[in-house]
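See below for the structure under consideration.
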Amino acid sequence: MAHCEFWLEMREEDNAFRVMLLLFDGIEPAKEYAPVESKMADCGGSLYASPWYPTIFAAEEELTTTARNYSAKGVKILVFREIRKPEPTCGDVKRGRSRAGKKRGERGR
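So that you can map any letter, position 18 of the sequence shown is 20 in our numbering, and since no number is skipped, the others follow by simple counting.
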């Protein structure tokens with residue numbers, strides 16, 4: 003049975019939020035979602051991200067709308083009600099940034 007998973011991510015430096023969408027079984031992503039490279043591809047799914055939103059409310063609205071659209075097509079939905087930190091990208095590692103967005107060796111306050 004086709005299914006997909008949703009959760010939110012928060013970018014700490016500006017408190018922006020985006021919706022993450024993990025799709026299985028050849029389901030096509032919504033057009034506003036861009037593909038993201040991730041270790042999660044190893045589980046057989048494809049990961050996509052929405053644009054960044056300035057508020058959690060706007061990101062939640064996007065998640066709800068997209069989930070309803072997939073549900074209307076008969077796709078099973080799994081929504082994680084948690085906010086995760088973004089995985090580091092190749093660009094973040096090359097710039098010496100960690101998951102928290104701080105430079106290596108920099109301590110939190």
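Think of the CB as a built atom: it goes at the ideal place given N, C-alpha and C, for glycine as much as any other residue.
Remember, it's a predicted structure, so these values are computed and weren't measured experimentally.
About 14 Å separates the beta carbon of A36 from that of Y55, a gap too long to meet the 8 Å contact definition. Of the residues I85, H5, N71, the one whose Cα lies closest to the Cα of G28 is H5. For S73, the enclosing alpha helix (DSSP H) has its first and last residue at 58-74. In this structure, F8 places its C-beta atom within 8 Å of the C-beta atom of L23.
Contact check for L10 and I79: beta-carbon distance about 15 Å, past the 8 Å limit, so the pair fails to qualify.
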